Every structure is written in structure tokens, then in C-alpha cells.
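Single-structure report; data block below.
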């Protein structure tokens, strides 16, 4: 299955939204929040990728949610690697 650029764009948008609302204090105080739930939500648009790529993306998404400033470039580089080249 080929994943389109639009699907990868959706993944990036979802990750940005999850990062915007991420508060580590909630985990400490509440205990119900799991970053993995946000990661699974973010990965929904790219269902069908090989398992190894999903694992790599999941790890990059989790880091980008928790610390976007430090890890957004890593996530973008991985998306560029996995996404199809833009059509001209």
C-alpha cells in the first residue's frame, strides 16, 4: 500500500495538535493520560506502512509531542524519507 503525501501531512498536523495540548504535569497528577494514545491517534493516517516504519514513526512522533522544539526536525526528516516525492 502506498501512503500519500496528504496522509503524511495529516500525521504531521495531528502531531502538532497533540504537542500543543501536551502537558507532562497531567501524567504526574492524573495518571490516566498515556502519550501512546496520542501517538496511535497521530499514526492513524499512515496505516498500512511496514511495521518497522510505523515503529520508527511512532517513536519520532512521541518525542515530537513531548518536546517539539528538540524533535520536530527529526520527525520531518523521517516523513520526507518515507513520503512519496511530490508530484509536479
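In this note's numbering, the protein residues as written are 564 to 651. Glycine included, each C-beta is placed from N, C-alpha and C at the ideal position. Quick caveat: nothing in here was measured; it's all calculated off a predicted structure.
Open item on the list: Distance check for residue 582 and residue 568, CA to CA, integer angstroms please.
Closed with: 21 Å
Task: Exposed unless 16 or more other CB atoms sit within 10 angstroms - verdict on residue 600 - done: exposed
Task: With 16 other Cβ atoms within 10 Å as the buried cut-off, status of residue 578 - done: buried
- [ ] Give a yes or no on whether the C-beta atoms belonging to residue 584 and residue 609 are separated by under 9 Å.
- [x] no
Task: Cβ neighbour criterion (16 or more within 10 Å) applied to residue 623 - done: buried
Open item on the list: Please state the DSSP three-state secondary structure of residue 636.
Closed with: helix
Task: Among 638, 648, 565, 649, the one whose alpha carbon lies nearest that of residue 602 - done: 638
Open item on the list: Going by DSSP, what residue range makes up the alpha helix (DSSP H) through residue 612?
Closed with: Careful: residue 612 lies outside any alpha helix (DSSP H) and carries neither H nor E.
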